[in-house]
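Top line first, the protein sequences correspond to chains A and B.
Numbering-wise, the first sequence is residues 50 to 158 according to the numbering used here.
Numbering-wise, the second sequence is residues 193 to 305 according to the numbering used here.
Every residue gets a Cβ at the ideal spot worked out from N, C-alpha and C, and that includes glycine.
Just below is one structure, and these are the notes that go with it.
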Amino acid sequence: RKEVEQDPGPFNVPEGATVAFNCTYSNSASQSFFWYRQDCRKEPKLLMSVYSSGNEDGRFTAQLNRASQYISLLIRDSKLSDSATYLCVVNYGADKIIFGKGTRLHILP
Amino acid sequence: DAGVTQSPTHLIKTRGQQVTLRCSPKSGHDTVSWYQQALGQGPQFIFQYYEEEERQRGNFPDRFSGHQFPNYSSELNVNALLLGDSALYLCASSAGQGIYEQYFGPGTRLTVT
Chain A
50 RKEVEQDPGP
60 FNVPEGATVA
70 FNCTYSNSAS
80 QSFFWYRQDC
90 RKEPKLLMSV
100 YSSGNEDGRF
110 TAQLNRASQY
120 ISLLIRDSKL
130 SDSATYLCVV
140 NYGADKIIFG
150 KGTRLHILP
Chain B
193 DAGVTQSPTH
203 LIKTRGQQVT
213 LRCSPKSGHD
223 TVSWYQQALG
233 QGPQFIFQYY
243 EEEERQRGNF
253 PDRFSGHQFP
263 NYSSELNVNA
273 LLLGDSALYL
283 CASSAGQGIY
293 EQYFGPGTRL
303 TVT
């Protein structure tokens, strides 16, 4: 099992719809979790940290399920500008940080 | 507020050569991490510098080395370049040692021919 796995997509979603991604991780000792978005040929940008209690930022909601070892990202009322690759990031501790390969999202007009 | 800056933007080298990439962290940040991102892949962690010392390292050979200066800027050096070193090299800065919320620079695209 890969350390961090994401469905590569692409997810083709009509504008205004709700879309959700999952990211699974293999090491139960994982300490912190993040979602980044990356536009084509650009650098990753921090979208959200993921907390055990779950957290929300506008249309975006991130959740952590330690028992099943996955994190999720929910995007409500999707916009054309949400089209990007979404990267899941897992920090295993002082010496290990793993990025997933990313999930591509296309919002269709 | 200046974000993370990297130079150069693009670079073309031949096999066996050496390359140096540069990074200036976001204002207020003292930790710099370097990543390699191949096409279609997520970034892979190379190493992190804090207080001018390499604190953490990913699974990269010794050909990859770095340095951090007193002003927190950093360099990534790659010796004996291989074709497989062609990638986007990203620098990320954060506040404090460890892997916390990081802010990435625009990257340096290295092509090895």
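Check	Outcome
Closest by CA to A/V99, which one among A/Q55, A/V139, A/E92, A/S117?	A/V139
Give me the chain A residues within the contact set of B/L282, using Cβ-Cβ distance strictly less than 8 Å, ordered along the chain.	E92, P93
Any idea what DSSP makes of A/D106, helix, strand or coil?	strand
With H, G and I counted as helix, E and B as strand and the rest as coil, what does DSSP make of A/S130?	helix
Please compile the residues from chain D whose C-beta is within a distance smaller than 9 Å of the C-beta of A/S98.	No chain D appears in this structure, whose protein chains are A and B.
Does the beta carbon of A/I124 come closer than 9 Å to any beta carbon on chain B?	no
In its own chain, which residues sit with a C-beta less than 6 Å from the C-beta of A/P63, not counting the 5 before and 5 after it?	L157
Check B/G276 in the structure and name its three-state DSSP category.	helix
Could you please give me the residues that DSSP links to B/S266 through a beta bridge?	B/C215, B/Q260
For B/P217, verify whether its CB is less than 8 Å away from any heavy atom of the ligand ZN.	Although the ligand ZN was asked about, the structure shown includes no ligands whatsoever.
Enumerated in chain order, which unbroken segments of the beta strand (DSSP E) with a length of 3 residues or greater are wholly contained in the segment 219-257 of chain B?	223-229, 236-242, 245-249
Any contact between the segment 116-124 of chain A and the segment 72-91 of chain A? By contact I mean 3 or more CB pairs, one from each, below 8 Å.	yes
Starting from the C-beta of A/T134, find all residues in its chain whose C-beta is less than 6 Å away, skip the five residues before and the five after it, and write them out in chain order.	Q87, G151, R153
Which residues, taken in chain order from the segment 250-283 of chain B, show a beta carbon closer than 7 Å to some beta carbon of chain A?	L282
Determine, using beta carbons only, whether A/L129 and A/F109 come nearer to each other than 9 Å.	no
If the cut-off is 7 Å on Cβ atoms, which residues from the segment 134-155 of chain A count as contacting chain B, listed in chain order?	L136, N140, A143, D144, I146, F148, G149, K150, G151
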